[in-house]
Amino acid sequence: MPDTCPRTGHGGAAKGKGRKALQAGFRRASADRVPPLYRGRSGIRRCLDPLARDPAEALLCHGTGQNIEMTGKPVGNFVEIARRGRKVGIAPPAGVALARQTQQNSIRETEADSGTGGTPNGKSRAMHRLINQVRPYAWGARDAIPRLLGKEPDGRPQAELWLGAHPGAPSSVITQDGAVSFEQAIAASPKEFLGEDAIGRFGERLPFLLKVLAAEAPLSLQVHPDAVRARAGYIAEEAAGIPVDAAHRNYRDPYHKPELVLALEPFEALCGFRDPADARADLDGLTCDLARTLRADLAALDPHTALRTALTRLLTLEGAERERSLADFVKEWADAGQGAHHGTVVELAERYPGDAGAVAALLLNRITVPPGEALFLPAGNVHAYLRGTAVEVMANSDNVLRAGLTGKHVDTEELLDVVDFSVLPIPYTRSAGIGGRSEFRPGVPEFALTVIGPGPFDSHLPGGAPSILLVLEGSADLRSESGERLALCRGESVFVPACTGRVDIQGRGHLVAATVGD
């Protein structure tokens, strides 16, 4: 099996003669080629798949099913194409409908001949390719995620690739009827997709979310609530009538958000409180008012008290006092600061002028996580990712309380009630080697992370629980207990329902799989 795949597009279930049949079907609908608008900035090729060479290929790669529709609005000899109600391009009038039908026929024909997408004896698919969304946050890197997906960078930040059923950016699942929202697919077949055990523990929802994170600039200084706080906060904000998408809302769902971060390259972060005596030592020699006051705060005998007092002071500075105190501190720190935090504080202050989070970084551990190592961040752990590429797996939640380094909402009082001010070791978590794979199980029920490779591998996923698998490097052949086979290349992903059972995996490269925890 080759290490790299040809340009077949994301989620393309039909290959070989199936693709040719679809392209031929589209071309039969119109003798004309798609005009320049198709190839321009707002064309369907850009919106759906930058690698697609013609409309048929774009439609095929993204599972036309419920995503593509004709608006009926004429554009010359063509009509508009919409995806989920939003215009994405134009195509021959008969082309979309015929492409849809040709796609389904060619997929079924290809599966029957090759076994690459279906199961023997006419059974329904046990594994489903995914189409995933990218979040373009300002701190994102320009090239890491496009490189993973085999696409050309467009110069814009691409921060996170989401794989899962979170309503903020749900994946689409490729079924025999086309591409459907992950949430809709679960609602249609909850027992088959999730399994009775997961439903009994978490209800009819996928309890985890898998991400690829690519940071070119620092993320916000933040903390996540525990389950009790998240539920109480969500209920209170619902009762207050605060819209779930309001900028000042703290709790967008009733779930906690522990997370595990696996470094794919040296990954820089601020993570958890360090000994206040070490932070105090770094302030020696500074004479500005804020430095002297922080030294006094950090001298308290109880580390918990010292850290709470210092962080509270920084986050509650107001008005002219805030501007003057922070400016004086940063100026003196740039000239006389010391230790591993020196450059970090200066960089953060330049990126976020007047933000107390830059000085608060002094209270936290400044670390570089080596590739292949992982951190587990429980509720209450203050952290900020600074730079690098990593895989994240977390409970399926979007609850974040921010302390700084952001233009978004900061609720200081709520945050200080959630923060754990304990001085703890850097929260590295170790994996256990099992059957040719490494498993990170940090002890939370919602998720665990399996790593296969890098290098040649012959392993398996044990089954019995929902899983999402992503190929980071190389390629892999998957075979389910029912005999279904699926080939995946770099950047491609698949959802394995709980009912699938064991999946054998062979190939060469680097894979990760998220599943339900213990």
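Residue 415 in my numbering is what sits at position 344 of the sequence shown, and the numbering runs on without skipping anything. From the three backbone atoms N, C-alpha and C, an ideal C-beta is built for every residue, glycine too. Bear in mind the structure is a predicted one, so any value in this text is a computation, not a measurement.
Check	Outcome
Beta bridge counterpart(s) of residue 456 as assigned by DSSP	340
Proximity winner among 435, 228, 219, relative to residue 208 (alpha-carbon distances)	228
Pair within 8 Å by beta-carbon distance, residue 280 and residue 470	no
Distance between beta carbons of residue 537 and residue 277, contact taken as under 8 Å	6 Å
Cβ-based neighbour list, residue 585, same chain, cut-off 7 Å, excluding 5 preceding and 5 following	279, 281, 464, 518, 520, 538, 539
CB of residue 589 within 8 Å of CB of residue 535, strictly	no
Validate contact between the segment 395-406 and the segment 427-439 using beta carbons, cut 8 Å, 3 pairs	yes
N- and C-terminal bounds of the beta strand (DSSP E) containing residue 400	It is not in any beta strand (DSSP E) - residue 400 instead sits in the alpha helix (DSSP H) that spans 390-407.
Cβ neighbour criterion (16 or more within 10 Å) applied to residue 409	exposed
Integer-rounded CB distance, given that residue 334 should sit under 8 Å from residue 441	6 Å
Straight-line Cα distance separating residue 348 from residue 526	44 Å
Three-pair Cβ contact test at 8 Å for the segment 566-582 versus the segment 543-555	yes
Bridge partners - residue 330, DSSP secondary structure assignment	448, 465
Coil, strand or helix - residue 257 by DSSP	helix
Rounded separation between residue 379 and residue 492 - CA only	6 Å
C-alpha gap between residue 438 and residue 344, whole angstroms	12 Å
Span of the beta strand (DSSP E) around residue 511	508-511
Touching by the beta-carbon criterion (3+ pairs, under 8 Å), the segment 281-295 and the segment 222-240	yes
Where residue 262 sits in the DSSP three-state scheme	helix
Residue 560 (DSSP reduced to helix, strand or coil)	strand
Nearest-angstrom Cα separation, counted from residue 472 out to residue 305	13 Å
Other residues of its chain near residue 482: CB distance less than 6 Å, five sequence neighbours each side excluded	321
6 Å Cβ shell around residue 567 - same chain, five flanking residues per side excluded	198, 538, 574
Neighbour-count burial assignment, residue 504, 16 or more Cβ in a 10 Å radius	exposed
Distance, residue 412 Cα to residue 275 Cα	45 Å
Residue 271 to residue 405 span [Cα, whole Å]	55 Å
Length of the line joining the Cα atoms of residue 326 and residue 200	27 Å
Spatial neighbours of residue 486 in its chain, beta-carbon cut-off 8 Å, leaving aside the 5 residues before and after	294, 386, 472, 473, 474
Bridge-paired residues (DSSP) for residue 527	579
Proximity test, Cβ basis, 8 Å: residue 324 and chain C	Among the chains in the structure shown there is no chain C, since it carries only a single protein chain.
Best match in 331, 264, 204, 510 for proximity to residue 448 [C-alpha to C-alpha]	331
Under 8 Å between C-beta atoms of residue 341 and residue 203	no
Delimiting residues of the alpha helix (DSSP H) encompassing residue 360	360-369
Sequence-distant residues of the same chain with beta carbon closer than 7 Å to residue 450, five excluded per side	295, 296, 297, 327, 329
Helix, strand or coil at residue 519 [DSSP, three-state]	strand
Cβ separation of residue 543 and residue 219, assumed to be a contact under 8 Å, to the nearest whole Å	7 Å
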